[in-house]
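Quick notes on the structure that follows.
Numbering (this note's numbering), first residue to last: 4 to 132.
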């Protein structure tokens, strides 16, 4: 089983019975790197749902006790091959945009999501190679 895709591409693959074991291996690697910083490691995304086709990428959510610990996770994760997408300076702006969109589209979730998607695509484009 090969995980991953060429950067900038999108392709779906059938679900694999190997995903749970691959996740457990990666969970152990990440937990080993983060130690007590990681209070929870969960598999999220398409590969976490048996039978659902998806990109062959394991998505992990790392829970920390306090958001102030997030920066302390970057270096250990980089040491095991993860890439940092920089700091969180833009998070405040993103939060403000979400709040404005929620107010403007309180009765239209589809429009809220569509407009939020414009912002997300702009941010992601900054990291695309």
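Heads up, the beta-carbon is just placed ideally off N, CA and C, and yes, glycines get one too. As the structure is a prediction and not an experimental result, all values here were calculated from the model.
Asked                                                                                                                                   : Found
Please report the straight-line C-alpha distance between residue 115 and residue 52, rounded to a whole angstrom.                       : 26 angstroms
Out of 41, 59, 20, point me to the one whose CA is closest to residue 9's CA.                                                           : 59
Please report the straight-line C-alpha distance between residue 38 and residue 75, rounded to a whole angstrom.                        : 11 angstroms
Kindly indicate which residue of 54, 110, 64, 68 has the alpha-carbon position closest to the one of residue 33.                        : 64
Between residue 36 and residue 81, what straight-line distance do the alpha-carbon atoms span, to the nearest angstrom?                 : 9 angstroms
CB residue 71 to CB residue 43, shorter than 8 angstroms?                                                                               : no
Would you mind working out which of 100, 5, 21, 40 sits nearest residue 69, comparing C-alpha positions?                                : 40
Can you say whether residue 15 is buried or exposed, counting buried as having 16 or more other CB atoms within 10 angstroms of its CB? : exposed
Distance, Cα to Cα, residue 110 vs residue 4?                                                                                           : 44 angstroms
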